[in-house]
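**Q** This structure is in structure tokens; I'll ask about it shortly.
Number of protein chains: 2
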Amino acid sequence: MNFNLNFNNIAESYLFAEVDSRVAKYSAEHPDKQVLKLGIGDVTLPLAPEVIKALHSAVDEMSKKETFKGYGPYKGYEFLRKSISGYYKRLGVSLELDEIFVSDGAKSDLGNILDIFSEKNVVLVPDPVYPVYVDTNLMAGRKVIYSEATEANGFLPMPDYGVDCDIIYICSPNNPTGAAYDKAGLKKWVDYALAKNAVILYDAAYESFIEDNTLARSVYEVEGAEKCAIEFCSFSKTAGFTGTRCGYTVIPRAIEKEGVNANRTWFRRQATKFNGVPYIVQKGAAAVFTEQGQKQINENLAYYKANAKLIAECMDQLGIWYTGGKNSPYIWLKCPKGMGSWEFFDYLLENAQVVGTPGAGFGKNGEGYFRLTAFGSREVTEEAVKRIKKILSK
Amino acid sequence: MNFNLNFNNIAESYLFAEVDSRVAKYSAEHPDKQVLKLGIGDVTLPLAPEVIKALHSAVDEMSKKETFKGYGPYKGYEFLRKSISGYYKRLGVSLELDEIFVSDGAKSDLGNILDIFSEKNVVLVPDPVYPVYVDTNLMAGRKVIYSEATEANGFLPMPDYGVDCDIIYICSPNNPTGAAYDKAGLKKWVDYALAKNAVILYDAAYESFIEDNTLARSVYEVEGAEKCAIEFCSFSKTAGFTGTRCGYTVIPRAIEKEGVNANRTWFRRQATKFNGVPYIVQKGAAAVFTEQGQKQINENLAYYKANAKLIAECMDQLGIWYTGGKNSPYIWLKCPKGMGSWEFFDYLLENAQVVGTPGAGFGKNGEGYFRLTAFGSREVTEEAVKRIKKILSK
């Protein structure tokens with residue numbers, strides 16, 4: 006037996022371990038200081054009452070022979086796929102039910118989808134980026150190239166026709182930069198993908214944070230995307246499902262090449278390597294799309310959005326350049342006074358006892374930048390903003 | 006972009022579609038006849054009351070900010086891994102908590118584990134077999150060779166030192182044949198794997214049906230297995246979790262080669278391509294291991310085991326050769342009167358209105374054999390047995 010030695014090409018990620026270690030050291034040396042964490046990428050509000058009600062009711066169904074559910078459909082139950090399809094209709098996007106696959110989260114499918122593509126494909130990933138796009142491809146031995154996301158392009162790189170590639174990752178609103186493509190910008194990527202015969206893997210995990218109608222909530226709002234783009238979405242950030250695990254992947258029927266169809270090939274992959282999402286969880290996810298569910302979900306989202314606004318306004322007042330803050334739970338700021346990412350991390354920890362995430366951990370273009378998130382409580386966010394203002398005001 | 010053309014090497018599976026189609030045709034032509042299904046591989050009894058209680062309680066935790074759970078540990082919550090480790094102790098098997106990975110089912114991990122192995126590895130699979138072992142490897146471009154499971158070896162093939170391979174699949178008790186290795190037989194496979202530097206992927210999904218103490222419930226009951234075997238297990242058949250989705254994979258720390266460690270590599274794979282099993286489901290799974298939970302689970306298992314016994318006794322009375330029936334929910338019988346698998350399928354459907362699964366669908370050595378399962382209700386099983394006896398008695 007031999008191991009897959011491509012794993013040796015993946016960089017060990019010390020980012021969050023190093024953050025934790027520096028915070029632990031500081032706290033041990035300053036037991037009297039209250040450390041505020043704005044580095045967290047996880048939700049903190051509980052599941053919505055409608056979701057809880059649906060979960061309880063589904064558990065009850067599992068307790069009786071007459072309503073017990075065994076193996077479910079590989080693609081997910083039709084009641085949930087119908088709800089998802091209805092959710093897309095509000096954007097003017099019409100999906101067939103068999104174009105929707107219920108998953109246990111966007112992360113799983115973003116990695117697993119690569120099974121259906123050749124290992125010889127060249128992959129284009131923005132830098133900085135959510136590290137799993139790169140790692141899942143390096144594991145499989147694929148060549149990864151980068152598009153440069155920088156202050157100059159507002160961390161929204163545009164296609165370069167001089168570059169050839171097969172698989173294009175787009176995350177919008179972006180993690181970690183919070184930057185989101187408008188429909189015109191996304192159209193350029195779709196046109197490029199069609200010209201290059203490439204496929205776009207579109208990570209829409211943060212779509213529910215978008216309020217500006219010129220921005221795309223789905224790649225399918227852009228003409229031509231149905232021929233080249235696969236969209237991944239999740240209930241994690243939309244409805245607080247990070248610990249409940251449900252998402253969905255859209256693969257239009259029209260994506261095919263030389264007689265091979267992406268939708269059918271993915272179905273074959275899923276039927277062979279996956280057995281569906283728990284019935285209970287699918288019932289909970291469907292409750293997100295009811296009238297009452299949407300109302301409750303939007304209240305939770307409004308809470309996080311207000312946190313993001315507080316942080317963004319703080320940066321505005323301090324004259325600090327940033328992306329995100331609006332249409333995103335992330336604020337990606339340029340470290341003041343020319344500090345490096347880790348230098349600013351230490352500065353903020355020591356002087357304001359506020360913890361964020363050094364941008365350098367997301368790629369070389371992240372150096373000199375810093376990520377704050379809106380997923381903390383209102384109290385913590387308000388206090389953190391107050392402290393940041395105090396130390397950074399002239 | 007190019008697709009992974011290895012998918013073209015996977016045979017389309019028409020087995021269950023063909024079964025359904027023949028049954029539908031028969032029922033349409035004979036609306037007055039009651040068709041009894043003993044082909045089902047899914048459980049039919051509801052979740053145990055202790056599991057239901059734990060699920061409700063976990064849903065309540067998700068409804069309050071103080072007890073809400075976001076992202077969980079990639080390996081699964083410690084409370085569940087501790088329970089699993091305790092479950093192994095009854096067999097005299099001692100596992101470290103970090104050797105246990107909670108999964109969303111044995112099927113997912115049996116496919117995904119291949120990510121950590123080289124694509125050049127040669128895979129040894131018994132014929133007949135659960136089709137996903139073969140398909141997941143063909144997808145990745147691996148060479149698959151077969152060990153012959155036949156009447157002569159009781160459908161329990163033994164290693165042939167003249168054959169070289171890297172990855173060995175063992176499913177015991179087996180799906181579809183119901184045959185289970187005793188510890189002595191399994192020891193021969195472990196010795197062979199160690200001699201060949203191969204890894205055993207041991208599918209123990211049906212271990213809870215074993216009652217005979219000479220048979221292995223875990224591969225780790227055999228000395229040396231901790232250096233060469235990965236074990237996959239599931240709550241699906243043990244506790245009726247086919248629609249609730251939870252399993253576990255054991256990767257001993259000792260499996261390594263040239264500095265690469267299987268446990269650490271799998272952890273890296275999971276951290277990159279998986280985000281854990283729902284907290285709610287993990288709480289439900291942990292309830293299976295409580296005293297009350299074990300008692301309830303064993304009552305359900307006893308129900309299925311009694312069904313299996315009814316079918317096995319029927320075969321004994323008819324003088325039909327079979328494997329399984331004891332220590333397994335499957336009865337794998339030799340079609341009487343020299344009939345082929347599909348010929349017997351039609352014969353049974355037309356003359357007794359009983360539906361089973363033609364063995365030919367599981368590999369070439371399955372031709373001439375037929376699978377019946379114990380997962381139906383008692384009433385259906387009793388009536389089916391009565392009808393089979395009637396048409397096959399001399």
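Each protein sequence line maps, in turn, to chains Y and D. For my numbering, count along the first sequence from 1 and bump the result up by 5. For my numbering, count along the second sequence from 1 and bump the result up by 5. Don't be surprised by glycine CBs; every beta carbon is placed ideally from N, CA and C. The structure presented is a predicted model; accordingly, all values stated were derived computationally and were not measured.
Examine the Cβ distances between the segment 345-354 of chain Y and the segment 18-36 of chain D and report whether three or more of them are shorter than 8 Å.
**A** no
**Q** What residues are listed by DSSP as bridge partners for residue 188 (chain D)?
**A** For the purposes of this step, residue 188 (chain D) is taken as residue 183 along the second sequence, with counting starting at 1. The partner list for residue 188 (chain D) (beta bridge, DSSP) is empty, contrary to what the question assumes.
**Q** Measuring CA to CA, which of D:308, D:324 and D:393 is closest to residue 380 (chain D)?
**A** Along the second sequence, read from residue 1 onward, the residue named residue 380 (chain D) stands at position 375. Ranked by how close their Cα comes to the Cα of residue 380 (chain D), the residues D:308, D:324 and D:393 have D:308 in first place.
**Q** Between residue 262 (chain D) and residue 6 (chain Y), how many whole angstroms is the CB-CB distance? I'm expecting something under 8 Å.
**A** Taking the second sequence and counting its residues from 1, one reaches residue 262 (chain D) at position 257. Taking the first sequence and counting its residues from 1, one reaches residue 6 (chain Y) at position 1. About 7 Å; that satisfies the 8 Å criterion.
**Q** Look at the alpha carbon of residue 30 (chain D) and the alpha carbon of residue 358 (chain D), and state the distance between them as a whole number of angstroms.
**A** Taking the first residue of the second sequence as 1, we reach residue 30 (chain D) at position 25. Taking the first residue of the second sequence as 1, we reach residue 358 (chain D) at position 353. Each residue's alpha carbon lies about 12 Å from the other.
**Q** Where does the unbroken beta strand (DSSP E) through residue 127 (chain D) begin, and where does it stop?
**A** Within the second sequence, the letter at position 122 stands for residue 127 (chain D). Boundaries of the beta strand (DSSP E) harbouring residue 127 (chain D): 127-132, taken from the DSSP string.
**Q** According to DSSP, residue 236 (chain D) sits in a beta bridge with which residue or residues?
**A** Residue mapping note: residue 236 (chain D) aligns to position 231 of the second sequence, counting from 1. Looking at the DSSP assignment, residue 236 (chain D) forms a beta bridge with D:207 and D:255.
**Q** Against chain D, does residue 52 (chain Y) count as a neighbour if the rule is that its beta carbon must be under 7 Å from one of theirs?
**A** Taking the first residue of the first sequence as position 1, residue 52 (chain Y) is located at position 47. Output row for residue 52 (chain Y): interface = yes.
**Q** How many Å lie between residue 81 (chain D) and residue 36 (chain D) at the Cα?
**A** On the second sequence, position 76 is the one that residue 81 (chain D) refers to. On the second sequence, position 31 is the one that residue 36 (chain D) refers to. The straight-line gap from Cα to Cα measures roughly 49 Å.
**Q** Rounded to whole angstroms, what is the Cα-Cα separation between residue 310 (chain D) and residue 52 (chain D)?
**A** Start at 1 with the first residue of the second sequence, and residue 310 (chain D) comes out as number 305. Start at 1 with the first residue of the second sequence, and residue 52 (chain D) comes out as number 47. In a straight line, the C-alpha of residue 310 (chain D) is about 17 Å away from that of residue 52 (chain D).
**Q** Among all the DSSP beta bridges, which residues are the ones paired with residue 377 (chain Y)?
**A** Working through the first sequence from its first residue, we reach residue 377 (chain Y) at position 372. DSSP lists Y:336 as partners of residue 377 (chain Y).
**Q** Could you tell me the distance, in whole angstroms, from the CA atom of residue 73 (chain D) to the CA atom of residue 260 (chain Y)?
**A** Along the second sequence, read from residue 1 onward, the residue named residue 73 (chain D) stands at position 68. Along the first sequence, read from residue 1 onward, the residue named residue 260 (chain Y) stands at position 255. Cα to Cα, the separation comes out at about 40 Å.
**Q** Could you check how far apart the C-beta atoms of residue 292 (chain D) and residue 43 (chain D) are, in whole angstroms? I think they sit under 8 Å.
**A** By one-based count along the second sequence, residue 292 (chain D) stands at place 287. By one-based count along the second sequence, residue 43 (chain D) stands at place 38. Wrong, their Cβ atoms sit about 30 Å apart, outside the cutoff.
**Q** Closest Cβ-Cβ distance between residue 268 (chain D) and chain Y: below 7 Å?
**A** Indexing the second sequence from 1 puts residue 268 (chain D) at position 263. Taking 7 Å as the CB threshold, residue 268 (chain D) stays off the interface with chain Y.
**Q** So the alpha helix (DSSP H) residue 23 (chain D) belongs to, where does it begin and stop?
**A** Position 18 of the second sequence, counted from the start, is the residue given in the question as residue 23 (chain D). Element bounds for residue 23 (chain D): 20-34.
**Q** Quick one: residues in its chain with C-beta nearer than 6 Å to the C-beta of residue 107 (chain Y), no 5 flanking neighbours on either side, listed in chain order?
**A** Here residue 107 (chain Y) is taken as the residue at index 102 of the first sequence, counted from 1. If we look at residue 107 (chain Y) and ignore the five residues flanking it on each side, its Cβ neighbours are 81, 85, 253 and 282.
**Q** Among all the DSSP beta bridges, which residues are the ones paired with residue 160 (chain D)?
**A** Indexing the second sequence from 1 puts residue 160 (chain D) at position 155. According to DSSP, residue 160 (chain D) bridges with nothing at all.
**Q** In angstroms with no decimal places, state the Cα-to-Cα distance between residue 2 (chain Y) and residue 10 (chain D).
**A** No answer is possible for residue 2 (chain Y): it lies beyond the span of chain Y, which begins at 6 and ends at 399.
**Q** What residues from the segment 99-118 of chain Y come within 7 Å of chain D, judged by C-beta to C-beta, listed N to C?
**A** 109, 110, 112, 113, 116 and 117
**Q** Looking only at its own chain, which residues have a Cβ that is under 7 Å from the Cβ of residue 119 (chain Y), when we skip the five neighbours before and after it?
**A** Mapped onto the first sequence, residue 119 (chain Y) falls at position 114. Cβ within range, chain order: 141, 142 and 145.
**Q** Ordered along the chain, which non-local residues of its own chain (more than five positions away) have a Cβ less than 8 Å from that of residue 306 (chain D)?
**A** Looking up residue 306 (chain D) in the second sequence gives position 301. Within the same chain, residue 306 (chain D) has close Cβ partners 213, 214 and 243.
**Q** Residue 110 (chain Y) and residue 248 (chain D): beta carbons closer than 7 Å?
**A** The count along the first sequence starts at 1 and reaches residue 110 (chain Y) at position 105. The count along the second sequence starts at 1 and reaches residue 248 (chain D) at position 243. No, they are not a contact pair.
**Q** Note down, one range per segment and in chain order, each alpha helix (DSSP H) of at least 4 residues found wholly within the segment 281-319 of chain D.
**A** 284-292
**Q** Run through chain Y and tell me which residues come within less than 8 Å of residue 202 (chain D), C-beta to C-beta.
**A** The residue labelled residue 202 (chain D) in the question sits at position 197 within the second sequence. Correct list: 6.
**Q** Give the range of the beta strand (DSSP E) segment to which residue 346 (chain Y) is assigned.
**A** Residue numbering aside, residue 346 (chain Y) sits at position 341 when the first sequence is read from its first letter. No beta strand (DSSP E) contains residue 346 (chain Y), which is instead part of the alpha helix (DSSP H) from 346-357.
**Q** Under 8 Å between beta-carbons, which chain A residues line up against residue 68 (chain Y)? List them in chain order, please.
**A** Of the protein chains in the structure, Y and D, none is chain A.
**Q** Please list the terminal residues of the continuous beta strand (DSSP E) segment that includes residue 149 (chain D).
**A** For the purposes of this step, residue 149 (chain D) is taken as residue 144 along the second sequence, with counting starting at 1. Unbroken beta strand (DSSP E) run through residue 149 (chain D): 148-153.
**Q** Does the structure place the segment 361-369 of chain D close enough to the segment 323-332 of chain D that three or more beta carbon pairs sit under 8 Å?
**A** no
**Q** Output needed in chain order: residues of the segment 195-225 of chain D with a Cβ under 9 Å from some Cβ in chain Y.
**A** 198, 201, 202, 203 and 204
**Q** Hey, could you find the ends of the alpha helix (DSSP H) residue 108 (chain D) is sitting in?
**A** Stepping through the second sequence from its first residue, residue 108 (chain D) is reached at position 103. Careful: residue 108 (chain D) lies outside any alpha helix (DSSP H), inside the beta strand (DSSP E) at 105-108.
**Q** Note down, in chain order, every chain Y residue with its Cβ under 9 Å from the Cβ of residue 122 (chain D).
**A** For the purposes of this step, residue 122 (chain D) is taken as the residue at position 117 of the second sequence. Contact annotation for residue 122 (chain D) against chain Y: 6, 7, 8 and 9 [CB-CB distance below 9 Å, chain order].
**Q** So what does residue 174 (chain D) bridge to, in DSSP terms?
**A** Residue numbering aside, residue 174 (chain D) sits at position 169 when the second sequence is read from its first letter. In DSSP, residue 174 (chain D) forms a bridge with D:206.
**Q** In angstroms with no decimal places, state the Cα-to-Cα distance between residue 61 (chain D) and residue 112 (chain Y).
**A** The residue labelled residue 61 (chain D) in the question sits at position 56 within the second sequence. The residue labelled residue 112 (chain Y) in the question sits at position 107 within the first sequence. Cα to Cα, the separation comes out at about 27 Å.
**Q** I want to verify the contact list: residues of chain D whose CB lies under 7 Å from the CB of residue 147 (chain Y), in sequence order.
**A** Counting from one through the first sequence, the residue named residue 147 (chain Y) turns up at place 142. Result: empty, since nearest Cβ-Cβ is about 11 Å, beyond 7 Å.
**Q** Taking DSSP's pairing of strands, which residues face residue 12 (chain Y) in a bridge?
**A** Numbered from 1 along the first sequence, position 7 holds the residue referred to as residue 12 (chain Y). Paired residues: none, contrary to the question.
**Q** Using the Cα positions of residue 227 (chain D) and residue 92 (chain D), report the straight-line distance between them to the nearest angstrom.
**A** Translated into positions along the second sequence, residue 227 (chain D) becomes position 222. Translated into positions along the second sequence, residue 92 (chain D) becomes position 87. The alpha-carbon atoms of residue 227 (chain D) and residue 92 (chain D) are separated by roughly 17 Å.
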